[in-house]
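Trainee: In my numbering, the protein residues as written are 6 to 327.
Virtual Cβ for every residue (Gly too), placed ideally from N, Cα, C.
These figures come from a predicted structure and were not determined experimentally.
Pasting a structure below so you can have a look.
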């Protein structure tokens, strides 16, 4: 068991590091080949930060562990709002922009409701996965169109500043290849060790996906949100979480449906999905406070953290850990 725990920790660390190397290599390669910084920022960086969740879910589905894949998607969303936003707001109160309130959060809630409808028969089939993947593609195209037709110049300049400029093509391709190989290897190690630990403690793969795996694959979002908040870029800190949750629901949750369609644990609909909806609804209500007070305060951040702790405690109790 000690070896399995070490493998889990190493897998998580490698997963986060290799995702970062993959994004750096891919963005530098695309830039050298003349791809627009706007496209690089939204496609390579945006989707690249969701690569850990997507690879873990794909490998779990291939290995016959669809519960871990679904748990990873939903657990990452719960973690993003309750743990990451809560922790970030506890450190630095976050101001919320009106665009997030009027467009992005309602879109996230709509996608959640569509996902709930697709899963309402306790089955995640090929058609369900295909619908989610089409939604994923539409969201990406929408982001590209909006960025190009609204404040494209400022957004493009912002993305351009984040793209490495001092790399040769060979170095960029090297990081891209190494990051991709290590992403796959670390995701496989993570799935194997998570399943072994779940079996040892008599836990379902769903619970492991909702807890350990979800927290591990959400570490890049935690780092990005805290870093953005420290730079007073609150819209990036919050938008990072909202965007990640959209990608998790549409891209990550689609994979087990397409790769390994079948029944899902009934507790997904009776326990985990409602918690995700509740947290998103609370986030929306907090953000829609009086115009001068549209922010997530330290008290509200602490409240989100307490909800997360209570949820994890209930999960472990429900699984018979204590």
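1. Pick out whichever of 202, 272, 122 has its Cα sitting closest to the Cα of residue 320.
2. Give every residue of the same chain whose Cβ lies closer than 6 angstroms to the Cβ of residue 240, excluding the five residues on either side of it in the sequence, and list them in chain order.
3. Give the straight-line distance between the Cα atoms of residue 23 and residue 228, rounded to the nearest whole angstrom.
4. Could you check which residue in 39, 200, 270, 56 has the C-alpha nearest to that of residue 186?
5. Smallest Cα separation from residue 171: which of 34, 130, 91, 108?
6. So the candidates are 7, 318, 19, 14; which of them puts its Cα closest to the Cα of residue 188?
7. Near residue 305, which residues of its chain fall below 7 angstroms by C-beta distance, leaving aside the five closest residues on each side in sequence?
8. Whose C-beta lies closer than 7 angstroms to the C-beta of residue 285 among residues of the same chain, with five residues either side of it excluded?
9. In whole angstroms, what is the alpha-carbon distance linking residue 223 and residue 308?
10. Does the beta-carbon distance from residue 127 to residue 269 come in below 8 angstroms?
11. Report the option in 63, 83, 39, 60 whose CA atom is closest to the CA atom of residue 316.
12. Please report the residue range of the alpha helix (DSSP H) in which residue 111 lies.
13. Taking the alpha carbon of residue 81 as the reference point, which residue from 325, 326, 245, 293 has its own alpha carbon closest?
14. Please determine, among 65, 106, 148, the residue with the shortest C-alpha to C-alpha distance to residue 211.
15. If you check the beta carbons only, do residue 217 and residue 13 fall under 8 angstroms apart?
16. DSSP three-state label for residue 301, please.
17. Could you tell me if residue 237 is buried or exposed, where buried requires 16 or more neighbouring beta carbons within 10 angstroms of its beta carbon?
18. Excluding sequence positions up to five away, which residues of its chain have a Cβ less than 8 angstroms from the Cβ of residue 213?
19. Using 8 angstroms as the threshold, is the C-beta distance between residue 196 and residue 70 below it?
20. Can you tell me where the alpha helix (DSSP H) with residue 276 in it begins and where it stops?
Mentor: So, from the data block:
1. If we check each option's Cα against that of residue 320, 272 comes out closest.
2. Here the set comprises 102.
3. Near 15 angstroms, if we compare the C-alpha coordinates of residue 228 and residue 23.
4. The shortest C-alpha separation from residue 186 is found at 56.
5. Among 34, 130, 91, 108, the Cα nearest to that of residue 171 belongs to 34.
6. Checking every option, the nearest Cα to that of residue 188 belongs to 19.
7. Answer for residue 305: 94, 291, listed in chain order.
8. Closer than 7 angstroms at Cβ, skipping near neighbours: 86, 113, 114, 117.
9. Answer to the nearest angstrom: the Cα atoms are 20 angstroms apart.
10. Judged by beta-carbon spacing, residue 269 lies within the 8 angstroms limit of residue 127, meaning their Cβ atoms are closer than that value.
11. Ranking 63, 83, 39, 60 by Cα distance to residue 316 puts 83 first.
12. Per DSSP, residue 111 belongs to the alpha helix (DSSP H) from 110-124.
13. When only C-alpha atoms are compared, the closest one is 245.
14. Comparing alpha carbon positions, the residue from 65, 106, 148 closest to residue 211 is 65.
15. Contact: yes.
16. Assignment of residue 301 by DSSP, reduced to helix, strand and coil, places it in the strand class.
17. Classification for residue 237: exposed.
18. Here the set comprises 73, 76, 199, 200, 202, 203.
19. It is a contact, given that the beta carbons lie within the stated cut-off.
20. Careful: residue 276 lies outside any alpha helix (DSSP H) and carries neither H nor E.
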